[in-house]
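J.:
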Amino acid sequence: MPTPRAPTTVIHFSDVSKVYTRGARPALDEVSVTIERGDFVFLVGASGSGKSTFLKLVLREERPTAGRIHVAGRDLAKLASWRVPQLRREIGAVFQDFRLLPNKTVFQNVGFALQVIGKNRRYIETSVPEILDLVGLAGKEKRLPHELSGGEQQRVAIARAFVNRPPILLCDEPTGNLDPGTSIGIMRLLDRINRTGTTVLMATHDELMVDQMRKRVVELKDGRVVRDQLQGVYGLEPA
Amino acid sequence: MRLRFIVTEVLQGLRRNTTMALSVIIVTLVSLAFVGSAALLQIQVGKLKDDWYDRVEVSIFLCPSDSAYAQCKAGPVTPSQEDNIRAILETGELGEIVEQVYYETKQEAWENLLERDPDGFFAQQLTADDMQPSFRVKLQDPEQFALVADAIEMRPGVEHVVDQREVFGTLFQILNRATLLAAALAIVMLLAAMLLITTTIRLSALSRRKETTIMRMVGSSKTLIQLPFMLEGIIAATTGALLSIIGLWLGVRYLVQDWLTSSNLSWVDYIDEGDVLSVAPWLLLIGFGLSAIASVVTLGRYTSA
Chain A
22 MPTPRAPTTV
32 IHFSDVSKVY
42 TRGARPALDE
52 VSVTIERGDF
62 VFLVGASGSG
72 KSTFLKLVLR
82 EERPTAGRIH
92 VAGRDLAKLA
102 SWRVPQLRRE
112 IGAVFQDFRL
122 LPNKTVFQNV
132 GFALQVIGKN
142 RRYIETSVPE
152 ILDLVGLAGK
162 EKRLPHELSG
172 GEQQRVAIAR
182 AFVNRPPILL
192 CDEPTGNLDP
202 GTSIGIMRLL
212 DRINRTGTTV
222 LMATHDELMV
232 DQMRKRVVEL
242 KDGRVVRDQL
252 QGVYGLEPA
Chain B
49 MRLRFIVTEV
59 LQGLRRNTTM
69 ALSVIIVTLV
79 SLAFVGSAAL
89 LQIQVGKLKD
99 DWYDRVEVSI
109 FLCPSDSAYA
119 QCKAGPVTPS
129 QEDNIRAILE
139 TGELGEIVEQ
149 VYYETKQEAW
159 ENLLERDPDG
169 FFAQQLTADD
179 MQPSFRVKLQ
189 DPEQFALVAD
199 AIEMRPGVEH
209 VVDQREVFGT
219 LFQILNRATL
229 LAAALAIVML
239 LAAMLLITTT
249 IRLSALSRRK
259 ETTIMRMVGS
269 SKTLIQLPFM
279 LEGIIAATTG
289 ALLSIIGLWL
299 GVRYLVQDWL
309 TSSNLSWVDY
319 IDEGDVLSVA
329 PWLLLIGFGL
339 SAIASVVTLG
349 RYTSA
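Spelled out as structure tokens, the structure:
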């Protein structure tokens, strides 16, 4: 499937700084990054380098101390707080700890995301099986999370994040809890989603994945961008 | 879909937190019953005052035909004696402290009695002729009763002078103190109810933190996230309010209307079920407001990022 390449910026950070406590070292320090529609970007760096802060700023869970952020055509500084839910409907989010509801089945976990944004039952009944098929969980709709392997649970989480077909998918260490074999499966899935035109931004420690995928790499160190490389590998020193 | 979602969440929340919901219901029931009692007591005081206190403060009973009082030996009061008394009340030093003089004839006294209690003992046994005429005097300052009593008491044609405040004073004092007590208890209980609702909502929100985190993440509106918790509190508090109204209604119906009215205090105009209904909307409003405030205060903190 050809990847649509309309050169539209979906995430734009312009001199963004974030200081959590006054006087402390900034979590992000004048970061400028532009991510186009359809990009697959690895956000790498040691713990505390600012990766999570970056993702939180995109989701507007945090607000920058300085600088401008545009996400999906919105200036986040001007975004009224009651409009934040609309922004988040355009961003799917996947986490290291899956965050599934333990008492709901696979189908219900994915359907929940649609239910709480007001989709009707018929819509849910057609789109949930579709997405479960896409992530390779067809036939496991009625399983509970604890009956699934870690990789399968992460697939459910990805299905939930992507079921609403958001243009942006944020992944915070999605393979952090998985073994290498399983991780490759997850990465292939994310790659497939990326090929549908979805921008994927993935924060990770997983050198192996970064090296294999040969995608754009943005490296943060102490809150600063030290590398932004189109087809990077994990450990490369900045030029 | 949203409505179904909200209903399911609310029911689930109430089921998971049954004991807390029950305690909220009980505490609001008790506190609003006190609020309602205080209000009803004041309505009762108002009714009693309307009946007597506001209109008449000093009654000068004039000699009837067969009085037991010594100063009435000369026989019933004559028209010239009446004119005399009225003149004293309306002119001179008394004229300045008397606001209004109202003359009640035997016939009027009789009609008033009939109106108050057509089937009572007195209405059955007495006739208009057994009643006695009186002057009802309203003073600018009720405290100056003694001046009127001194000036009038020994005049010919006067049987006796009554400061009617004395008759009701004690009763009103009791009722007012009971109101204060009920109001004070109500305030304490309302405070307890508020804290309990806050705790209930907080527990409920914490127990569903995973859900609310996901809801926020996938872009669910704040209203949809918070409404189920608010509704839980509101439903519990409103149930408590409804039960307190039912309790007050039963109390007025069976204690006041059935029991007091059939007692020998039946001439008093008592509160009735209608008065309970007039208080009811306020109780519901307080119950609702209480839980709404508690929700807003709590939810901001426990369901946001």
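The listed protein sequences derive, respectively, from chains A and B. The first sequence begins at 22 in our numbering and counts up one residue at a time. The second sequence begins at 49 in our numbering and counts up one residue at a time. Even for Gly, the Cβ is constructed at its ideal location relative to N, Cα and C.
Output, in sequence order along the chain, the residues in the stretch 91–114 of chain A whose CB is closer than 9 angstroms to any CB in chain B.
T.: Ser102, Trp103, Val105, Pro106, Gln107, Leu108, Arg109, Arg110, Glu111, Ile112, Gly113 and Ala114
J.: Between the alpha carbons of B:Ile91 and B:Asn160, how many angstroms are there, rounded?
T.: 22 angstroms
J.: In the DSSP output, which residue or residues are listed as bridge partners for A:Gln250?
T.: Partner(s): A:Val238.
J.: Using the Cβ count rule (16 or more neighbours within 10 Å means buried), how would you classify B:Ser326?
T.: exposed
J.: Report buried or exposed for B:Thr67, applying the criterion of at least 16 other Cβ atoms within 10 angstroms of its Cβ.
T.: exposed
J.: Identify whether A:Lys39 lies in helix, strand or coil by the three-state DSSP scheme.
T.: strand
J.: Inspect the CB distances between the stretch 218–236 of chain B and the stretch 82–100 of chain A and report whether three or more fall short of 8 angstroms.
T.: no
J.: Assuming A:Phe133 and A:Glu162 are in contact, meaning their beta carbons sit under 8 angstroms apart, how far apart are those beta carbons, in whole angstroms?
T.: Your pair A:Phe133 and A:Glu162 does not check out as a contact, with CB atoms roughly 13 angstroms apart and the cut at 8 angstroms.
J.: Suppose the cutoff is 8 angstroms on Cβ atoms and the five residues either side in sequence are ignored; what does the same chain contact list for A:Lys242 look like?
T.: Gly66, Ala67 and Ser70
J.: Looking at the secondary structure, which residues open and close the beta strand (DSSP E) in which B:Ala199 lies?
T.: First-last for B:Ala199: Phe193 to Ile200, but that is the alpha helix (DSSP H), not the beta strand (DSSP E).
J.: Can you tell me which of B:Asp177, B:Ala176, B:Ala232 and B:Ser115 puts its alpha carbon nearest to the alpha carbon of B:Val78?
T.: B:Ala232
J.: List the residues that DSSP assigns as beta-bridge partners of B:Asp211.
T.: B:Val106
J.: According to DSSP, simplified to helix, strand and coil, what is A:Ala260?
T.: Annotation note: pLDDT 45 at A:Ala260 (below 50); position unreliable, no value reported.
J.: The stretch 254–269 of chain B: which residues have C-beta closer than 9 angstroms to a C-beta of chain A, in chain order?
T.: Lys258, Glu259, Thr261, Ile262, Met263, Arg264, Met265, Val266, Gly267, Ser268 and Ser269
J.: When you compare the CB of A:Phe133 with every CB in chain B, is at least one pair closer than 9 angstroms?
T.: Yes, A:Phe133 lies at the interface with chain B (some Cβ there is under 9 angstroms from its Cβ).
J.: For B:Lys95, does the three-state DSSP call read helix, strand or coil?
T.: helix
J.: Tell me whether A:Lys236 is buried or exposed, calling it buried when 16 or more other Cβ atoms sit within 10 Å of its Cβ.
T.: buried
J.: From the DSSP output, in three-state form, read off A:Ala159 for me.
T.: coil
J.: Assign B:Ile222 to buried or exposed, taking buried as 16 or more other Cβ atoms, counted over all protein chains shown, within 10 Å of its Cβ.
T.: exposed
J.: Hey, does B:Arg63 have any beta-carbon neighbour from chain A nearer than 9 angstroms?
T.: no
J.: Check whether the stretch 137–154 of chain B and the stretch 79–88 of chain B are in contact - that is, three or more C-beta pairs closer than 8 angstroms.
T.: For the pair of segments examined, the stretch 137–154 of chain B was found not to touch the stretch 79–88 of chain B: the number of CB pairs separated by less than 8 angstroms stays below three.
J.: Are any of the Cβ atoms in chain A nearer than 9 angstroms to that of B:Leu303?
T.: no
J.: Give me the Cβ distance between A:Pro188 and A:Ala114, rounded to the nearest whole Å; I'm assuming they're in contact under 8 angstroms.
T.: Rounded, the Cβ-Cβ distance is 13 angstroms, inconsistent with contact.
J.: Under 9 angstroms between beta-carbons, which chain B residues line up against A:Arg120? List them in chain order, please.
T.: Lys258, Thr261, Ile262 and Met265
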